Amino acid sequence: MKEKIFLLITIFLCITTNAQNTFVPDDALESRLQQLGLDSGPLDNLVLTGNINTLLDFDFGNFIVSDITGLQDFTALTELRVDGTIADLSPIENLTNLEELVIRDVTDTSVDLSALVNLTYVSIADASLETIDLSNSSNLESLNIENMTLSSLVLNNNPLLEDIYINNVNVPNLDFSSCTALRYLLANDNTALFNLDVTQNVLLETIEFDNNALLRYVDLSNNPALTSVRAEDNAQLETIFIKNGNNTNIGQTFRVKDNPSLTCVEVDDVAWSNTFWGFPTNYFPGFSLNCAPSNDDCAQAVSITLAQPASGNTFNATNSTNTPSCQETGITILDVWYEFQAPASGSVTMTINAPPLVGKIAFYESCSDAQPLFCQEGELSVDNLTPNATYYLQVWLEADAMNRTGNPENTNGGFILNIQDSTTLSVNDIATTENQIRVYPNPAKEHVNISAPTNLEQVAIYDMSGKLILKNENYRSNQETLDLKNLSGGMYMVQIKTEKTTTLKKLIIN
Numbered sequence: 020m021k022e023k024i025f026l027l028i029t030i031f032l033c034i035t036t037n038a039q040n041t042f043v044p045d046d047a048l049e050s051r052l053q054q055l056g057l058d059s060g061p062l063d064n065l066v067l068t069g070n071i072n073t074l075l076d077f078d079f080g081n082f083i084v085s086d087i088t089g090l091q092d093f094t095a096l097t098e099l100r101v102d103g104t105i106a107d108l109s110p111i112e113n114l115t116n117l118e119e120l121v122i123r124d125v126t127d128t129s130v131d132l133s134a135l136v137n138l139t140y141v142s143i144a145d146a147s148l149e150t151i152d153l154s155n156s157s158n159l160e161s162l163n164i165e166n167m168t169l170s171s172l173v174l175n176n177n178p179l180l181e182d183i184y185i186n187n188v189n190v191p192n193l194d195f196s197s198c199t200a201l202r203y204l205l206a207n208d209n210t211a212l213f214n215l216d217v218t219q220n221v222l223l224e225t226i227e228f229d230n231n232a233l234l235r236y237v238d239l240s241n242n243p244a245l246t247s248v249r250a251e252d253n254a255q256l257e258t259i260f261i262k263n264g265n266n267t268n269i270g271q272t273f274r275v276k277d278n279p280s281l282t283c284v285e286v287d288d289v290a291w292s293n294t295f296w297g298f299p300t301n302y303f304p305g306f307s308l309n310c311a312p313s314n315d316d317c318a319q320a321v322s323i324t325l326a327q328p329a330s331g332n333t334f335n336a337t338n339s340t341n342t343p344s345c346q347e348t349g350i351t352i353l354d355v356w357y358e359f360q361a362p363a364s365g366s367v368t369m370t371i372n373a374p375p376l377v378g379k380i381a382f383y384e385s386c387s388d389a390q391p392l393f394c395q396e397g398e399l400s401v402d403n404l405t406p407n408a409t410y411y412l413q414v415w416l417e418a419d420a421m422n423r424t425g426n427p428e429n430t431n432g433g434f435i436l437n438i439q440d441s442t443t444l445s446v447n448d449i450a451t452t453e454n455q456i457r458v459y460p461n462p463a464k465e466h467v468n469i470s471a472p473t474n475l476e477q478v479a480i481y482d483m484s485g486k487l488i489l490k491n492e493n494y495r496s497n498q499e500t501l502d503l504k505n506l507s508g509g510m511y512m513v514q515i516k517t518e519k520t521t522t523l524k525k526l527i528i529n
């Protein structure tokens, strides 16, 4: 009798296990599964899980799907294409076996891709996503993003990424420093792009950047593997630094034209460049061995519009005769200059970011002043200005205390300068700053990285009882790495204090 009961229980468990269903509320999605022979009978919003959890690749075919609930059970998928007016992408967030992901035309504004660590190819186009963070996708090899408006694209841990295509994305800042294998880059038609950083991509072979309205300079001096360069129709592009010691590697595949603000292209050999790169075109100033900044002194200060970030650099800037009080002892100031008109409120806040260097700002009432009224590192706030009056900023860069050598070459680099009316810095600005503070990887093991849009001042880790476990301060950069080797696994809270705000982030240590 016991044997019969055991047999009946076993049969029951087998039947109930095999009969497990996945809820699929979208009739078009269920119809697609029936077309593939994975479901049958009348549409009842239920599909046998066992029919879908071994599927390796999937797309919608000709069906118009608007709800992808149920995809979370396609756990074996390695290739997926999602398209249509889909308002919720969360079902794909735990498909950890995915290697190739294509997203088109979705209306969801956010998706968490942090668990998709096996991705090698990602293509996203015509989507409403506001941010894309692929910092956990360390196996990523190819990335294609088109026809979107992104506030940020995060690529912080992608050592295998070789090909990047970014077209009409309008992201303001593109930094590929962690993409050390990058060989091909296209960044076209990005009207909000003001900073393009490829200074760490020594393997880069091909770069194309056309029609980027706010881009002022591009530094290609650390890209000796370049074989092809194209830069056309960039309205504010002033300088291209391409003295990389290997210009002959490019040959005649150098196309730079129709950039109306271009004043200088810095090269290895002017005569050689004139022979092999010179061609009749509009707005081409010629080649030079030394492209000094157009705003190298106060008389040529570049005008800045409030609340519009500006990228700049100190490459080939000359020594300053001014010695502001916040200048570090023993540092030679290689400076550039900016001017702005004070708002009606008479109050402004200026920020400068130049990682890994330290940016400093000196504030002058006129170019004839021997000393600035104010001088500060990182951020400077000034009140009681005369509305509509013009004021001048002297900007320079210094190595942080750990890397200072006294060599003025340490102070060459790029930066982003922003001036805002202090009275318009609202809760929204603070929220934006908090959203840009990142703790990764999360979950973490032995180390965790902290990054913020402004310099970090203090980072503290608390356990869930509120006990202080770790505290570091006196930072001089906007990115730091914490050693977690002495911390036990579990959940913690990280308090991050920057120049602008203090925020809390949850951290899990495995």
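In our numbering, each residue carries its 1-based index in the sequence shown increased by 19.
Built from N, CA and C at the ideal position, the CB exists for glycine as well.
As the structure is a prediction and not an experimental result, all values here were calculated from the model.
Integer Cβ distance of residue i from residue j, believed to fall under 8 angstroms
i	j	result
residue 230	residue 207	6 angstroms
residue 222	residue 200	6 angstroms
residue 303	residue 276	6 angstroms
residue 75	residue 97	5 angstroms
residue 323	residue 436	7 angstroms
For residue j and residue i, the rounded distance between their alpha carbons
i	j	result
residue 212	residue 69	47 angstroms
residue 226	residue 511	42 angstroms
residue 128	residue 407	39 angstroms
residue 269	residue 286	12 angstroms
residue 284	residue 305	7 angstroms
residue 40	residue 67	4 angstroms
residue 477	residue 497	11 angstroms
residue 252	residue 103	33 angstroms
residue 449	residue 145	With a pLDDT of 43 at residue 449, under the threshold of 50, the predicted position of this residue should be treated as unreliable, though the coordinate-derived value follows. If I take the Cα positions, the gap works out to 29 angstroms.
residue 429	residue 377	For residue 429, the pLDDT reaches just 49, beneath the cut-off of 50, and the residue's location in the model is therefore unreliable, although a value from the coordinates is still provided. When rounded, the distance between both Cα atoms is 10 angstroms.
residue 108	residue 90	10 angstroms
residue 341	residue 317	11 angstroms
residue 328	residue 188	18 angstroms
residue 80	residue 101	10 angstroms
residue 210	residue 232	5 angstroms
residue 123	residue 110	16 angstroms
residue 78	residue 50	12 angstroms
residue 344	residue 388	14 angstroms
Cβ-based neighbour list, residue i, same chain, cut-off 8 angstroms, excluding 5 preceding and 5 following
i	result
residue 464	503, 528 and 529
Sub-8 angstroms separation of residue i and residue j beta-carbons
i	j	result
residue 434	residue 471	no
residue 393	residue 410	no
residue 330	residue 440	no
residue 190	residue 169	yes
residue 371	residue 414	yes
residue 216	residue 202	no
residue 247	residue 224	yes
residue 255	residue 235	yes
residue 153	residue 130	no
residue 353	residue 338	yes
residue 292	residue 266	yes
residue 72	residue 58	no
residue 369	residue 404	no
residue 150	residue 134	no
residue 357	residue 314	yes
residue 487	residue 494	no
residue 517	residue 474	yes
Residues near residue i in its chain [Cβ-Cβ closer than 6 angstroms; skip 5 each side]
i	result
residue 184	163 and 205
residue 431	333 and 334
residue 48	84
residue 524	458 and 513
residue 237	215 and 259
residue 417	347, 350, 377 and 430
residue 161	140 and 182
Counted within 10 angstroms of its Cβ, other Cβ atoms place residue i as buried (16 or more) or exposed
i	result
residue 52	buried
residue 239	buried
residue 42	exposed
residue 257	buried
residue 513	buried
residue 319	exposed
residue 379	buried
residue 500	exposed
residue 612	The chain is shown only over 20 to 529; residue 612 falls outside these bounds and no answer can be derived.
residue 106	exposed
residue 402	exposed
residue 492	exposed
residue 395	buried
residue 55	exposed
residue 45	buried
residue 177	buried
residue 62	exposed
Sequence-distant residues of the same chain with beta carbon closer than 7 angstroms to residue i, five excluded per side
i	result
residue 138	117, 118, 120, 156, 158 and 159
Check: residue i C-beta below 7 angstroms from any heavy atom of the ligand NAP
i	result
residue 310	This structure lacks the ligand NAP, and indeed carries no ligand of any kind.
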